[in-house]
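Below: the structure, in structure tokens.
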Amino acid sequence: MDEDYLDHSGEKSMRDFITAYETLPVLWNTNLTSYKYKNKRKEAMEKLLKYFEKVQPGATVKDLSKKMNSIRVNFRKEMKKVIASKKSGSDPDSVYVPSSWMYCS
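Count the sequence shown with UniProt numbering and you get residues 1 to 105, in order.
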């Protein structure tokens with residue numbers, strides 16, 4: 001999957017995708033009982049795939065899984081930078097501000 005595929009017109013589709021992902025906690029909330037059931041997660045992935053196909057036409061569930069993992073990894077990376085900058089003891093004005101719009105979505 002080519003990360004450069006997404007242009008500014010695709011940003012809205014990506015925002016819709018992230019919003020849809022947030023509405024399906026069975027995919028990300030490990031505290032849910034339903035998270036333990038593969039069939040529930042598979043159903044949710046099929047729903048989410050419809051949104052992802054707007055971002056990447058012809059995408060498969062495997063492509064979707066890779067994208068979700070990529071988003072999670074990048075989010076955690078940005079979050080660690082924010083936390084580290086707050087702990088550094090520097091003034092509040094120098095706290096790291098993520099450059100990615102996805103972090104703030």
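Positions of the beta carbon are idealized from the N, C-alpha and C atoms, including for glycine.
Within 10 Å of its beta-carbon, does Lys86 have 16 or more other beta-carbons around it, so buried, or fewer, so exposed? exposed
8 Å Cβ shell around Lys40 - same chain, five flanking residues per side excluded: Val26, Ser34
Measuring CB to CB, does Val55 end up less than 8 Å from Phe17? yes
Between the C-alpha atoms of Leu49 and Asp91, what's the straight-line distance to the nearest angstrom? 43 Å
Tell me whether Asp93 sits in a helix, a strand or coil according to DSSP, three-state version. helix
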